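Chemist:
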Amino acid sequence: MNIEKDLAKEGVNINSLIRRKVGNGSTTSFWKQSWFGMVPFMHLFPNLFTIERNKNAMVSQRISFNNNDSITFNWEWKRGATTSVTSMEIDDLQETISSYVFSGNEDSWLWPSESSGCFTTKSCRAKIENNQLNGPKIEVLWLRWVPLKVRSFVWRLYQGRVPVASNLITRGVNIPTVACQLCTLESEDVDHLFIHCPVSSQLWKMTSTWLGFPLDAEISIQSVCSKVYNYNGTSLRRKITSLITYSTIWTIWKTRNEWIFTKRAKTIGRLMEEVKLQSFNWINYRSSNLMVSWEIWCKSPAEGVSKINT
Numbered sequence: 002m003n004i005e006k007d008l009a010k011e012g013v014n015i016n017s018l019i020r021r022k023v024g025n026g027s028t029t030s031f032w033k034q035s036w037f038g039m040v041p042f043m044h045l046f047p048n049l050f051t052i053e054r055n056k057n058a059m060v061s062q063r064i065s066f067n068n069n070d071s072i073t074f075n076w077e078w079k080r081g082a083t084t085s086v087t088s089m090e091i092d093d094l095q096e097t098i099s100s101y102v103f104s105g106n107e108d109s110w111l112w113p114s115e116s117s118g119c120f121t122t123k124s125c126r127a128k129i130e131n132n133q134l135n136g137p138k139i140e141v142l143w144l145r146w147v148p149l150k151v152r153s154f155v156w157r158l159y160q161g162r163v164p165v166a167s168n169l170i171t172r173g174v175n176i177p178t179v180a181c182q183l184c185t186l187e188s189e190d191v192d193h194l195f196i197h198c199p200v201s202s203q204l205w206k207m208t209s210t211w212l213g214f215p216l217d218a219e220i221s222i223q224s225v226c227s228k229v230y231n232y233n234g235t236s237l238r239r240k241i242t243s244l245i246t247y248s249t250i251w252t253i254w255k256t257r258n259e260w261i262f263t264k265r266a267k268t269i270g271r272l273m274e275e276v277k278l279q280s281f282n283w284i285n286y287r288s289s290n291l292m293v294s295w296e297i298w299c300k301s302p303a304e305g306v307s308k309i310n311t
């Protein structure tokens, strides 16, 4: 039995099941290795990773341990690269790390699925055979067809930790207006922008009709993600549903940002075309062993995808 292959059949990468236990931080990559949770910070905070000067920095290079058990952050950002958005993300990152307990010992590997923290082939096989691998606490499918920056964004969106107006105000960031940039009718918070805004609401209706799966009646972005995550159907249809959901979310976010910076307005029909083309490109270029027909995809996405026999 090959452990990596068995985990792959379950849709899990073995590297997603082990993480670093940081003691003094001298041998653990701050951005590239999983040490706080099961996802590296480079994926959770892609904007910050982009402006980091030393992307291979160790934890000890970014965090200093003080005598009173407090910590000091030593950031090195590219000159002039910080914005109101990245400033909020820096605050989020620092708040997240502040709860971590650093032992001061040497860094080591941790197997969270075992109470002892020690990885053994036997325990890993037992988890597979008994279907006891812990699923994500956040109901967002980590779909490899979707670009990392989009997956990371949806993951943070589920937690309400994206730079919408309400969050920026809470962080003390001065912004010209708190109104939704797409409709100007109400204050911009996560659920208004992505669910209740008339522009987003109409887009969800069109997406639901095209997909053949009702997503337009949900009251929050969490309920949308959870409904897709718990989709009761074939694995392929679940992935397609997740793919299109993420494409819709990403289209809303891009449209909002484009309006802020360029004042370019788009029709709902145009946004729907972007959802279709974007999701098609993702699955067409990032999936394996699948054949996708653009003509059929535009009419019925689930019918436009077929597996290639190898």
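With our numbering applied, the sequence shown closes on residue 311, and no number is skipped along the way.
All residues carry an ideal CB built from backbone N, CA and C; glycine is no exception.
It should be emphasised that the depicted structure is a prediction, and the values quoted were computed from it without experimental measurement.
1) Checking the sheet assignment: what are the DSSP bridge partners for Ala180?
2) Is it buried or exposed, Ile98, if we count other Cβ atoms within 10 angstroms and call 16 or more buried?
3) Which same chain residues, not among the five before or five after Ile91, have their C-beta less than 8 Å away from its C-beta?
4) Could you compute how far the alpha carbon of Ala218 sits from the alpha carbon of Phe31?
5) Assuming Val179 and Glu189 make a contact with CB atoms under 8 Å, what is their CB distance in whole Å?
6) Buried or exposed: where does Gly173 fall if 16 or more other Cβ atoms within 10 Å of its Cβ makes it buried?
7) Rounded to the nearest angstrom, what separates Pro137 and Val147 at their Cα positions?
8) So, helix, strand or coil for Arg21, using DSSP?
9) Check for me: the alpha helix (DSSP H) holding Phe66 runs from which residue to which?
10) Apply the 10 Å Cβ neighbour rule to Tyr247 and answer buried if 16 or more other Cβ atoms are within range, or exposed otherwise.
11) In the structure shown, what three-state DSSP assignment does Lys300 receive?
12) Below 8 Å, how does it come out for the stretch 251-263 and the stretch 181-196: are there three or more Cβ pairs, yes or no?
13) Just to confirm the assignment, what range does the beta strand (DSSP E) spanning Thr73 have?
14) Report the partner residues of Lys79 according to the DSSP bridge assignment.
15) Please name the residue or residues paired with Glu53 in a DSSP beta bridge.
16) Using alpha carbons as the reference points, say which of Thr208, Gly38, Asn233, Phe42 lies closest to Phe154.
17) Where does Ala58 fall in DSSP's three states?
18) Can you check which of these residues, Asp108, Lys277, Leu216, is closest to Val23 by C-alpha distance?
Modeler: Let me spell this out:
1) Ser188, per the DSSP bridge assignment.
2) When all chains shown are included, Ile98 counts as buried.
3) Leu49, Trp76, Thr83
4) A direct Cα-to-Cα measurement between Ala218 and Phe31 gives close to 40 Å.
5) 6 Å
6) exposed
7) In this prediction, Pro137 has a pLDDT of 45, which is less than 50 and means its spatial position is unreliable; what the coordinates show is noted afterwards. Answer to the nearest angstrom: the Cα atoms are 17 Å apart.
8) strand
9) Per DSSP, Phe66 belongs to no alpha helix (DSSP H); it is in the beta strand (DSSP E), 64-66.
10) buried
11) Residue state for Lys300 is assigned as helix, using DSSP reduced to three classes.
12) yes
13) 72-74
14) DSSP output for Lys79 lists no bridge partner at all.
15) Trp78
16) Phe42
17) coil
18) Asp108
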